[in-house]
Each structure stands twice: as C-alpha cells, then as structure tokens.
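All remarks here apply to the structure that follows.
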Amino acid sequence: MDDDFDSTLVEPLLQLAHADPEPRVSLAALEAATHLPLEQQHWHSIADSAWRVVFAEPAGSPARREALAFAARVPLRSLREHLRGMAKDDDEPDRDAIADALAAVADPSRIAPLVAGLASGHMENYRLLAAMPLEDRGVSATDLPAPGAQDGDDARFWRALCLARLDDFTELDSVFASDDTLPPLFWGDPWSAHAAIEAVRPVPDAMHDHLLAVLARLDADEAAGRIGGGAARALRLTAWAATGTADAEGGPIRPPHAPRPVVLFGELDPAATAAELAERQLQAAAPQFDDAQVGWMIARERVRDYIPALLAVDRPDLAPEARIRLMQLIGFAADAQTGRALSPYRGAGPSAGGGERPTLIDDAPHAAAAAPAAAGAAQDSDDFDVAECEADAGGAVLEDFALDDVDFADLDLDEAEPVSRGGRHLATGHVPSSMGTTQADDSDQQENRRVNALLLHDEHTHHYFVAGASNTVRCWIGLPQPGIPTANGKIQKVKIPPEGLKLVVELCWIGKRDGQPDRHGNGPAGGLHLPAKRTARSEDCDLSFDVPADIDRLEADIVFTFMGKVFEAVRVSAPVLPAGTADDGLAEPSIKVQFGQREVIHLQERTPVSATLTFGPGYMQMFDGSGGKIFDLGNTTPLTTFLNEQLFLKEASLVRRRSQQGVQEGEALLDVDDPDVIELFGNLARHGAALYQKLRGQGFSDPGDRIQLINKDESRYVPLEFVYDRGFPRKGARFCSGWHEALAGDGCRCPSCDAAGASPGGSWSETICPLGFWAIRKVIERFDSAHMQDLSLPAWRRRDLRPLDAALCASTDRVPEKERTDLRKALAESIAAPTIAADWDEWERALAAKSPPLLILLAHHDLDAGLDYLEIGDKALDEHRRWRYRPQLNEALINPAAIEPGPIVLLLGCMTATDVAETGYGSLASNFKDFHASLVLGTMAKVLGRHAGPLACELLAELAAVNTPDADFGSVLRRVRRRMLAHGFLMVLALVAMGDAEWHLPARHRSPAPTPP
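Residue numbers for the sequence shown follow numbering that gives the first Met the number 0, beginning at 0 and rising by one.
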C-alpha cells in the first residue's frame, strides 16, 4: 500500500482544472481526480470547477453538455438536486443532456419519464429502469408494457429484471427457458454481460433471495436436462451479477482498495520514468502500448510522485487532445493502483468489481453552516453554488415530475442513491457455482491463500541467504500470517477436488553480483498437498541448496506444478550475507508472483505435460518433476537465420523441379534422394544437434514428448522445435530407412533408428531421422508469460472448441489460382457454411455478422515505409482494401464479439521481404492470440505462397476427420506436420502453434478417416 497517500495529493489536479482556460482539459483533470479516494471538500471543489464550465460555455455547446454530464456523476446531494430541477426546466436548453446523465447514474427522478417513454415505444428504457428502485416508487407491472418482436430479446430481459424488482419472477424465469431465445447480451463476453447486469444492484430482498434459490438448484437442473447449457450459463451470470455474490467466473468480487504502487514484469516494466513514458506515448505516431497499459507502467510510482511528474509534462504548446490524454494517463494509473483497471496483459483477467454505486454525500448540514446571509435570494439555474444549494436543499424537496398517463405515488427524492456505474470486465471462463445461498464473502468461498516462505540456515530463520553454506527455503501455501514473508499475489482460484491437489515444487536459482547475473544453479524438488478447503494450509516443503560465497544477492525461482503444468511460480529474492549477520534493519525476503497457468480448468481431465520450460531473460529453465534446472542456450540466431533463408530457397528449388517433372504438389512422396533435400535436412539437423549438445553439456535430458514452453522474453524466439537429438549427421547423410513409416504413424519411435539404438551423443551419424526433430516428434504448446491469463484458454466445462460449422477464408492472389480453387473445394467439402472474403472490408463485415469458429488467412506479409502489413485480395484492388498494417490488427479482424471459445486461426502465407523485422509470422501469431483466438497457427520463416493452400487443405481434412471426443489440437498438428513432410511440404518445419494444445476438437463422425501418406 502507498502508506503516505492522502487525498490532498489530488489538489494540483484541482488547481489546474480551476484555472485552465480550455474547458475540455479542465474536465479531464477533474475526471482524473475522481479516480482516487477523495474527501468531501475535494468533491466540493470538483463541483465548483465543473459548474464554472457550465456557466462559461454557451448553451448547447459540447463542452457545456459534457460538464453537465460530469456533474451528474459527482456524489453530492445538493448538486444532484439542482440538476434534477434543471432537467424539469423547460427553459434549460441542455435539459436533454441532464436528463440522460441522471438516467445513466440511475437517479430515481427519471423513473417517471422513462416509464412514460415505454408507452411511446422506447423499450431501450428498460435497461435504465432495471437499475432504479421501482419497488419503492409505486410502479406496478401494468406500467411496464411487453416489448414487441421488433424490440429484441435484450429488451425482454431488462423488462424481466424490472418485473423481478416488483416481486414478479415469471418473466425472468421464462427468459432462460431455452438456449434458442437467449438475449444477445449473453452471446459474447461473459464479463461484459456481468458488468452490464451488476449495474442493477442493489436489488430488493425478495429478488435477491429468488435468484440465490434458483442458483442453488441450477446445477441439478442442468444435470437433469431441465435447462440447457447456454441458458444455465446466462442464468448464473445474471444471479451472480445482480446479487453481487460472484464475478463472471464464479469467484469473489474484488472491491477496489487504497492506492498502492504496482509491480510489473517484462516489457511492461521499462526503465523509463512516469514523465518519460507519458512524453513518449504522446509523441508516438503508432505507440507499442495503449494508454491504459502505459497507465499501468506509470502506476509503479507513488501517487505523490507521478501526479506532479505528469503535470510537468503539460505545457502550452501541447494540443488540447494531447493534454486530455495526459490527464487520462493519470486516471489510468490511479485505476491500476486501486484495483479498478483491466489487466495490463491484454485478455488476462478482470478488474476489481464495479459493485454498488457509492452513496450520495449528504452535504446539507455543512452547507447550511457555510451559507451566506443572502441564501434566500433567487438565483438563475446557471448560478449554482454548492453552499447555497445545500442550504436550500435543507428546507424543501424538489417537486416530482408528473405524468398524465401514469398513476404514480409521489416520488421521494430525498434518498441516498448510489451514483457511479461499475467498470467493464474483459475476461472469460466459467466456474460453476457451488455456493448455494452462501454469500461471496464467506471466507471459504474466496481464495486468499498465497505462497509463504522462510529462509533457514541451521534451522534458524533469516532475512537473507547465508553465503557459502547450505540454505533451505521452507515454503507452503496458506493464508498470510503476521511476520511471515508472503507473496504479492494470491494463488488462482480453481475447482479443487475434495481430496485436494498434489503439487510438485521445484527450485532453481540465479546469483547476482553488483546487480548483474553472475551465475546460476539447479535446485531440488519436493511436494505438498493443497487442501480443497480454502482456509486450510498446505504442509511445508523444504528445498535445500548450496549458496555460493561470492555473490551478493540470490533469486530463487520456485515453481508449483500439477500434472506438469505451472500452477504458480514465484521468485524469492534476498541478499547473500555472511553467517551471523543480524536481521535488524533488513527488509524481509521479497516473494513476487512471476506467472501462473491462470486458466480455470478441470485439472484432472488434461493430458499430463512431461515438462514445463521457461525462457528469458537470458536463461532457459526446465521443471520436469526432478528439480528445477537452468541452462544457457547461447546464440540461437544462426539456426533461425539458416531456417529463414535456406528453407525458402530449397522449397522454391523443389517446387520448380517438380513442376519441370510434371508432378503436382502433394502427389508424390518427399524425394529423400534429392540433393537439395539432403543438404537442407543435413544442415538443419546439424544446427539442431549443436543446440541439443550445448544443452546436454549442462546436464539437460529429454523432457518428454509433451512440453509447455513459456516465453518470458518476447524479443527472442526459442527454436525448441528444431532441437535434433539423433546424433550429428555427417556430410551427405541420407534419410533413415524407416523415415516413411515413422511419418505415417502417431508414435514417437522410428522403426529403424530406435531398433538400432541410435545414440544421442555428439559422434557422427550416418542417417537423418525425421523423428529426431522435436517439431515432428513432440507436442509443444507455446505461451507468452504476459498472456497466461488469455481470454481464450480452456476452462472447466469449456474444454471443447466450437463445432466447425462455419469458416471464413481469404487469400492473397500471390497464392496460385489452382491452390486457391483447391482450398475453396476443400472448404465446401468439410465445412457446412464457408465464406470467402475478397478483401479486408468483406472480411470485417463477415466476422461482424457470423463470428465463425475457423478463420483461414493466406496472406502476404511485407513492408511498406518501414511498417509491416498483411495483404489479401487481388492486386488490382485499392490498398485500403488489400492491406492491414500491424497497428490496425485488432479484435475486429478475429473475434469482434469476444465469443468464447475463440476461433482457430490459420495464419499462413508468404513473406517475400528479406528485411521484415521478424522471422515469419511468429509475433503476428502472438498478436492474433491476444484478440481472443483459441489457437493461432503461424510460421516462423519465409514460405511459398503456393504451399499455404495445401497446408490449409490438409488441416481441414484432419479437423473434419476428428471422431473422438478427446482429440486435441496438439496431436492433430503433429500428425499434419508428419503427413505433409512425407509429401514434400518443407514449410511444415516452420509451423508455430500459439495456445493451449489441450483444446478438444469437436467430433465429426460423418467424415472419413484420413488416409496415410
């Protein structure tokens, strides 16, 4: 926590807002101030400054209307009542803006006008009315007409919530009667739906109890088939959000907290100061990060430091738009520090709960004491003064708005209604509710446990590692305890079986001298049992290792895994000091969460991972259950450079030769006697063997055939797929005799090489075995540590991808016509409703209309004026239809509705420029994964456009042939790699899959099984 925070730190913002001549900047500064905790006097100052804008700007101007809308969000009763009066004043030119703003904050004075609007067909009013206390204002069911078919199911849903406030639950129950009639609100991102519904809180007791009762029996109803899966999901979201008992994943709603600096990692933790970050962001034509992410980076500093630092960046020559963004950066930083912000790792999870609207501040007593002697003088509606209005408010309540055609009881406006709306959540996943009618604040429904650790030497605890001696890290998972070092984040909340989880715990370490890494070392493994009861502590796990004497700081990385997947990873950091050093004055050891596989899955269902490997910065770590190991990969650039240059050249040569021979692509088997093939695979195997021998010399051993690779350094690519472990091929080495049989099956053993007992040593080998390449033999699932909380990861009860009943495809005309025709034919044979987009405009329209589960992009990747872009469509089209630059790639091109699970994206094609600032589509695949895709298949080297179409056809054939309910994408991709390599498509060596390989593919029993190569 920022221990020295106090609300006076916002006063520089208020002073700027009071004095600045630009009204939009003044309002932006006021808005930024409201993102931090404020005292009543600061709200008074904010109200005064906002009213100066109202008074100074002409009627009907955007600035005046914006100021009035802002004023409606200020939680002062006196100001609220003044606005209510203005909204009823026929002479007020902006009364419509005031009325809309009051409705947006659920002010009860708008109930009567909104209900009156229903009779005129304004069914959109139901969403606003659902957040208002209809039950206390004399509204009856007869005042709420049913929407027509033209009004849509959303209007029907919001009306049902209005009726539920009046103790009429029939319509609400009928909304969830069928999956086929669910409102569009529930079609997309569940966090968006949750955020919209939670605005109705607080709800009447009867409605609250009814929803919890429905929730308590929902699992049984779903299991018995009395309610469909989609309707059950929507009903859970509604009950959780409207009662405030859980977030969109069924977890506890996290309230905002006092400001405290944040800790970030990787590229989100640059060395730049807050002022430097802001200056850079304002000047960048195409910034790497959005303003909210930069706000997170700024939030690493204290409030007392970053507010004056950013205000110092403000200067007269800045355009108003830039100055407004500067104020917004302050607001983003404040949200990050108070828990209101979305995660900086896009798609990583929710912000703090929006919760109920804060109570209006009853400022009448204070105002009455401060009112001037002439308080009774008449005043124009523009001459608002906080003190005078508060004094007037003490004597009378404003008249209610009357309706001729609605019979209402008098509206009592003298209430303390909450005013601000909750923030929007952008995350997904589903956790079933088992809480029944238990409130979310029940301690056993929350997950507050963290990793705790003590440093021991000779059974005595210290705040440091003892130099030149054996040290023990004693760690456990449990609730924080006074005086015990604890992690800066909670463990993830997952559905834990009654018997608990058995976690493997492993450690490796990095030693530093003068702040720089000096050496590293392996560590032991242990285990612990995590109880299902969320208040229960695990047993201790002791991890002992020797600490060198000549380092001054040690960072121990401790990873907790379940079935090989990372459950939690923390870094314990402390100085290294001589034995006998007193702890006085030393800070306790730092324990920081590094990353975790933050998907909420039914853990027991997944295929075990043989090992988890992490890379960066500088080192590769392996956790395989036998103890953490750390390795120096060395320089892998020669391998990736060779791959990027030679694979393309050799593939082009083979294509030309086959064309001269009259052989169609994919018709014949790989010509293993071709000199180009022998040369390419020989050189590639030698590069891969060199990498393997470098690791093996450091104690590396084969981690198994299913690997999770977590990249913590996005600036480097780890070519793990090209490790070759079948010896070092001599010049001219030929393919082994079992190569074809090995590629035809799904196994991991070559019938000739494994039978001969091929040695993985560094001696010369006479043959090249395709199964020696890890890309061909293993399933490798890749993640970036910044995206471990991605929206489109498998979740409990959501392990299957959507049925492949539709697809969207687009291609550059650089792919030959025959290959494009073959792909269209394959689509028509495999997919019920394929759509072909001619350009990016058609692509976006098709996505907005259908959101299909399979997207195929055969795009050309190139540079223009230093910016890379993707091209589809005919070269005769205008560039704005053919091209999309990297900064233009966003959710609209992949999953605009944030539907979960996200689509499979095949991002395939050619890259002809030699100076594109990356090898192939690797980082583009990662970008697309950010846009709510479940899986993205890209390439990490230049490939021929003519091979992209056949690869897509082969993938379609495999996907269409799935006939088992547990078929996973990792195994399918490995099969595709083998089949296509057997038929001479060298580009499969460059395929990179981003995402969880455990996604289950939907079975399609009507399709024939694929034929062997």
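All C-beta atoms, glycine included, are put in the ideal place defined by N, C-alpha and C.
A quick note: this is a predicted structure, and the numbers were derived from the prediction, not measured.
Identity of the residue in Leu478, Glu505, Pro484 and Asp289 nearest Lys532 by Cα:
Closest option to Lys532, Cα to Cα, is Leu478.
Using a 10 Å radius around the Cβ and a threshold of 16 neighbouring Cβ atoms, would you call Phe782 buried or exposed?
buried
With 16 as the cutoff for other CB atoms within 10 Å, does Leu117 come out buried or exposed?
buried
Go through its chain and collect everything with a Cβ distance to Arg885's Cβ below 6 angstroms, but skip five positions before and after it.
Answer for Arg885: Asp867, listed in chain order.
Neighbourhood of His34 by C-beta distance below 6 angstroms, restricted to the same chain and skipping five residues each side
Gly330, Ala333 and Asp334
Does DSSP put Phe185 in a helix, in a strand, or in coil?
helix
Quick test of your reading: Ile855 and Ala805, contact by CB under 8 angstroms. State the CB separation rounded to the nearest angstrom.
Ile855 to Ala805, Cβ: 12 angstroms. No contact.
Rounded to the nearest angstrom, what separates Leu632 and Leu527 at their Cα positions?
About 31 angstroms.
If Leu8 sits next to Ile306, beta carbons under 8 angstroms apart, how far is it from one beta carbon to the other, in whole angstroms?
6 angstroms
Evaluate Val262 with the Cβ neighbour count: other Cβ atoms within 10 Å of its Cβ, from every protein chain shown; 16 or more gives buried, anything less gives exposed.
exposed
Per the DSSP calculation, Val558 is bridged to which residue(s)?
Looking at the DSSP assignment, Val558 forms a beta bridge with Glu505 and Ala568.
Here's the rule: buried if 16 or more other CB atoms are within 10 angstroms of the residue's CB, otherwise exposed. What is Ser173?
Counting Cβ neighbours within 10 Å, Ser173 comes out exposed, since fewer than 16 surround it.
For the beta strand (DSSP E) containing Trp475, name the first residue and the last one.
Ala468 to Gly477
Strictly by DSSP, which residues pair up with Arg512?
DSSP lists Gln515 as partners of Arg512.
Start and end residues, beta strand (DSSP E) containing Asn451
For Asn451, the enclosing beta strand (DSSP E) begins and ends at Arg449 to His456.
N-terminal and C-terminal residue of the beta strand (DSSP E) that Phe680 is part of:
According to the DSSP assignment, Phe680 belongs to no beta strand (DSSP E) but to the alpha helix (DSSP H) extending over Pro674 to Arg695.
Close-in-space but distant-in-sequence residues of the same chain around Arg109 (CB under 6 angstroms, 5 per side omitted)
Leu101 and Ala102
Going by Cα to Cα distance, which pick from Thr580, Leu214 and Gly698 is closest to Gly626?
Gly698
Let's see if you can read the secondary structure: which residues bound the alpha helix (DSSP H) around Phe622?
Looking at the DSSP string, Phe622 is not in any alpha helix (DSSP H); the run it does join, the beta strand (DSSP E), is Met619 to Phe622.
So, is Pro833 buried or exposed, given that buried needs 16 or more other C-beta atoms within 10 angstroms?
buried
DSSP three-state assignment for Asn634, whether helix, strand or coil:
coil
How is the alpha helix (DSSP H) around Met296 delimited, first residue to last?
Asp290 to Ile297
On the criterion of 16 or more Cβ atoms from any shown chain inside 10 Å, does His462 qualify as buried, or is it exposed?
Buried, because 16 or more other Cβ atoms sit within 10 Å of the Cβ of His462.
Measuring straight from C-alpha to C-alpha, what distance separates Ser589 and Ala291?
27 angstroms
Please report how far the alpha carbon of Asn470 lies from the alpha carbon of Asp457, in whole angstroms.
8 angstroms
Pull the bridge partners of His528 from the DSSP assignment, please.
Lys501
CA-CA distance, Phe721 and Glu123?
57 angstroms
In the structure shown, what three-state DSSP assignment does Pro851 receive?
In this structure, Pro851 counts as coil in the three-state DSSP scheme.
Can you give the Cα-Cα distance for Leu988 and Leu542, rounded to whole angstroms?
40 angstroms
Inter-stretch contact at 8 angstroms, needing at least 3 Cβ pairs: the stretch 318-330 / the stretch 5-24:
Short answer: they touch.
Using a Cβ-Cβ cut-off of 8 angstroms (strictly less than) and excluding sequence neighbours within five positions of Phe641, which residues of its own chain qualify?
Asn682, Leu683 and His686
Output needed for Leu184: all residues of its chain with C-beta closer than 7 angstroms, excluding positions within five of it in sequence on either side, in chain order.
Asp153, Phe156, Ala192 and Ala195
Beta-carbon separation (whole angstroms), Leu857 vs Val814, contact threshold 8 angstroms
5 angstroms
Mark Pro315 as exposed unless 16 or more other C-beta atoms lie within 10 angstroms of its C-beta, in which case mark it buried.
exposed
Residues in the same chain with beta-carbon distance under 6 angstroms from Gly499, minus the five sequence neighbours each way, listed in chain order, please.
Here the set comprises His528, Leu529, Pro530 and Ala531.
Pro11 to Phe54, Cα distance in whole Å?
23 angstroms
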